[in-house]
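Encoded as structure tokens, the structure appears first; notes follow it.
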Amino acid sequence: MAPYIFNVEDVTNSCIKWIQDWFSKNGNSSTKVIIGISGGKDSTVVAGLLVKALGRDRVFGVLMPNGEQADIEDSHSVVKHLGIEHKVVNIADAYKGLTNALSGMEPTPQYKTNTPSRLRMVTLYGIAAIMGNCRVVNTCNRSEDVQGYSTHYGDSAGDFAPICRLTTEEVVAIGDYIGLPQSLTHKAPSDGMCGMTDEDNLGWKYSEVNSIIRQNERGEHYDAIVKRYHNMKFKLEIVHLPAFEPGLPDYFKEEYGI
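Sequential numbering from -13 applies to the sequence shown in the working numbering.
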């Protein structure tokens, strides 16, 4: 099989055009987009693409620490670099309030990891409702989605998804191409809640997942990666967001339809 080559210029320009077309059909010239800014590569790159497509005046960033966030300065760096309006909303009180309301039920690790993500999505839609004439963007990528590494109705939600068909490596390449700080675009992926990177939790590298997605290469963890996909693909089957389709080979979609 010929080596897979990613044309970052073509895909970036196509994605920007797709965003513009989507807003022309699902808004007007003053419709704004609300984006959660975590300080990680995905939200950073999506924010950069939105600014390229719509202009910085139509992009509103929301920083949502849950109490203390060790890398909150990265989030501030994103909005400063892009020059976008933003708001900091600490979700700690909301999280504590919900947890206290569940008196008598002991929070599990899954609760502690997923609940903040769902509260963040509630916050984004709350701000969209207050500001009016806004859309909320999804910032998940393909590598994470095929491994179920998103929170159902948390960060997996949104109104449209510019990068959900792109792998982690492709997202990084786009970030570099549009001139975003490498300290952000090359940052190790982490949910920011459990204290470990995504890859530490999974037990394999996203690069191996990406090799399966684009070329169906059978590496050391091939069977485990495909098994996890089957265990988690119900999330993809339930949530179908309008998505930019880059027209790239995708083993999971070609083999299993999603």
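Cβ atoms here follow ideal geometry from the backbone N, Cα and C, with glycine treated the same way.
These figures come from a predicted structure and were not determined experimentally.
A buried status is given to alanine 159, since no fewer than 16 other beta-carbon atoms sit within 10 Å of its beta-carbon. Judged by DSSP secondary structure, cysteine 120 falls within the beta strand (DSSP E) whose first and last residues are 120 to 122.
A direct Cα-Cα distance of roughly 35 Å separates threonine 17 from glutamate 240. Bounds of the alpha helix (DSSP H) holding histidine 62 are 58 to 68. Inclusion of isoleucine 77 and valine 48 in the CB contact set at 8 Å is not warranted, their separation being larger than that value.
Cβ contact annotation for methionine 107 (same chain, cutoff 6 Å, sequence separation greater than five): Gly140, Ala143, in chain order.
Nearest in C-alpha terms to cysteine 126, of all of Asn(-7), Gly26, Tyr237, Leu234, is Gly26.
In the three-state DSSP reduction, phenylalanine -8 falls in the coil class, being neither helix nor strand. Residues of the same chain with a CB within less than 8 Å of the CB of isoleucine 2, apart from the 5 flanking positions on each side, are Leu35, Lys38, Ala39 in chain order.
Going by DSSP, lysine 98 is part of the alpha helix (DSSP H) stretching over 95 to 117.
Shown here, glycine 34 sits in a helix according to DSSP, grouped into three states.
By the neighbour-count definition (other C-beta atoms within 10 Å, threshold 16), proline 95 is an exposed residue. The beta-bridge partner set that DSSP reports for lysine 82 is empty. Glutamate 54 counts as exposed, since fewer than 16 other C-beta atoms from the protein chains shown sit within 10 angstroms of its C-beta.
By the criterion of at least three beta-carbon pairs nearer than 8 Å, the segment 61 to 79 is not in contact with the segment 145 to 163.
Excluding its 5 nearest sequence neighbours in each direction, histidine 207 has C-beta neighbours in its own chain below 8 Å: Gly189, Trp190, Glu194, listed in chain order.
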